[in-house]
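**Q** To start, I am sharing the structure in question, which I have written as structure tokens.
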Amino acid sequence: MNVRNLAVSALQAAKFTARRTRASPFSPGIVAGTIVARHASSSADRETLAKSAELLDALVGSTTGLNLSDIPYGEPVPQASQTSGQSTSPTLPSSTVDDPLAQMFIPPANDPLLDYLTSALLKNGRRAKAARLVSRTLLHIHTSTRAPPLPIVREAILTASPAVKLGSHKYGTKSLQVPYALTEKQRIHAGVKAVLAASESRPGKSVDIRLARELIGVLQGESKAIVEKERLHKLAMVNRGNVGLRR
Amino acid sequence: MVHIANVKVRPRKVTTPVPCRSELVAMLGCWAATGDVLSTDPNRCKMVAETLFQCMRTAPVAGKPHKPAINYHLSKLSKKAK
Numbered sequence: 129m130n131v132r133n134l135a136v137s138a139l140q141a142a143k144f145t146a147r148r149t150r151a152s153p154f155s156p157g158i159v160a161g162t163i164v165a166r167h168a169s170s171s172a173d174r175e176t177l178a179k180s181a182e183l184l185d186a187l188v189g190s191t192t193g194l195n196l197s198d199i200p201y202g203e204p205v206p207q208a209s210q211t212s213g214q215s216t217s218p219t220l221p222s223s224t225v226d227d228p229l230a231q232m233f234i235p236p237a238n239d240p241l242l243d244y245l246t247s248a249l250l251k252n253g254r255r256a257k258a259a260r261l262v263s264r265t266l267l268h269i270h271t272s273t274r275a276p277p278l279p280i281v282r283e284a285i286l287t288a289s290p291a292v293k294l295g296s297h298k299y300g301t302k303s304l305q306v307p308y309a310l311t312e313k314q315r316i317h318a319g320v321k322a323v324l325a326a327s328e329s330r331p332g333k334s335v336d337i338r339l340a341r342e343l344i345g346v347l348q349g350e351s352k353a354i355v356e357k358e359r360l361h362k363l364a365m366v367n368r369g370n371v372g373l374r375r
Numbered sequence: 012m013v014h015i016a017n018v019k020v021r022p023r024k025v026t027t028p029v030p031c032r033s034e035l036v037a038m039l040g041c042w043a044a045t046g047d048v049l050s051t052d053p054n055r056c057k058m059v060a061e062t063l064f065q066c067m068r069t070a071p072v073a074g075k076p077h078k079p080a081i082n083y084h085l086s087k088l089s090k091k092a093k
């Protein structure tokens, strides 16, 4: 299943991150949509790990490949059945202030942005291949940066997305360029298109390596996609008198 | 009495209303004033761009306006002019 591939690869990336970032003072509030691993020292953390194991069971199907107690952070994690007085189904605690689960972000099974990227890479109906490319792109980003790849992808595509579009309207004999605002979906579509086009000029033998390099390059400020975006925005700025033109 | 066989006019061109027009104009004006065309600087145009994005998220979908049917009505009148 494509979902499983993506979820498993993301989990593997997170496991890799967990092993690398031991005592990193991660602020979970900043990085949304990723698994944040912290030093599992308190009983609340152990409860969180137990609850997340149950949720992962539901999401992925089985956690036999991912042993949460393998993370070398000291005391072993007790099984879900051994936690005192807890029911088998995960229940939400009454207060959100003491809720350990609120500090731990567990991504959904399908990320809409990754689905969008998969659709953009789709050719001849081969969705499994496209999903594999996206999975490997995330892996390449993680190996280059040692950071969670999903926020990097999100930030890069948003940085490369233009905010306006120029429509050509004929008024009499003249053809004028009129700037229009774009919805979020239109912006993402344009950003993904720009990133994929710019990634063709990157070094690398396969699409996933080139795409990973391009996404990192966008965040570093060196990308053809950003140059194109700047050109478009300048054109819109010059034609700002044509907004909502009626004749 | 003047006999006009077929009365037709060229009706005014109807344009779809632009959503979030004021926010768009504000952002384009900010770009022209500061030069922060990519809207990355929080002191310059980043907040203005965010306002536009938020407006686009919540703006109602503008349907296409009704095309003017003036020629239909005129064609009805032209029979009476005989």
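Protein chains in written order, with the working numbering: chain A, 129 to 375; chain B, 12 to 93.
Note that CB positions come from ideal geometry on N, CA and C, so glycine has one too.
Taking 8 Å as the threshold (beta carbon to beta carbon), is B/Gly-40 in contact with chain A?
**A** Yes, B/Gly-40 lies at the interface with chain A (some Cβ there is under 8 Å from its Cβ).
**Q** Pick from A/Gly-319, A/Gly-253, A/Ile-234 and A/Tyr-308: whose alpha carbon is nearest that of B/Arg-151?
**A** With chain B running from 12 to 93 in the structure shown, residue 151 of chain B is simply not present.
**Q** Name the DSSP bridge partner or partners of B/Pro-71?
**A** Looking at the DSSP assignment, B/Pro-71 forms no beta bridge with any residue, so it has no partner.
**Q** Under 8 Å, Cβ to Cβ, is there at least one residue of chain B near A/Gly-300?
**A** No, A/Gly-300 does not count as interfacial toward chain B.
**Q** Just checking my contact of A/Ala-291 with B/Ser-86 at CB under 8 Å: how many whole Å lie between their CB atoms?
**A** Contact flag wrong, Cβ pair sits at about 46 Å.
**Q** May I ask which residues mark the beginning and end of the beta strand (DSSP E) holding A/Leu-294?
**A** That run of the beta strand (DSSP E) goes 292 to 299.
**Q** Starting from the C-beta of B/Cys-66, find all residues in its chain whose C-beta is less than 6 Å away, skip the five residues before and the five after it, and write them out in chain order.
**A** If we look at B/Cys-66 and ignore the five residues flanking it on each side, its Cβ neighbours are Cys-31 and Glu-34.
**Q** List the residues of chain B whose Cβ lies closer than 9 Å to the Cβ of A/Val-371, in chain order.
**A** By Cβ distance, chain B contributes Val-29, Arg-32, Leu-35, Val-36 and Leu-39.
**Q** Specify, as a first and last residue, the run of the alpha helix (DSSP H) that A/Lys-251 falls within.
**A** Here A/Lys-251 belongs to no alpha helix (DSSP H), and DSSP marks it neither H nor E.
**Q** So, at 6 Å on beta carbons, what are the nonlocal neighbours of A/Leu-339 in its own chain, with the 5 sequence-adjacent residues on each side left out?
**A** If we look at A/Leu-339 and ignore the five residues flanking it on each side, its Cβ neighbours are Thr-265 and Ser-327.
**Q** Drop a sphere of 10 angstroms on the beta-carbon of A/Glu-175, count the other beta-carbons inside from all chains shown, and report buried for 16 or more, exposed for fewer.
**A** Burial call: buried.
**Q** Can you pull the chain B residues whose beta carbon is under 8 Å from the beta carbon of A/Glu-312, in chain order?
**A** By Cβ distance, chain B contributes Phe-64, Met-67 and Arg-68.
**Q** Using a 10 Å radius around the Cβ and a threshold of 16 neighbouring Cβ atoms, would you call A/His-361 buried or exposed?
**A** Buried.
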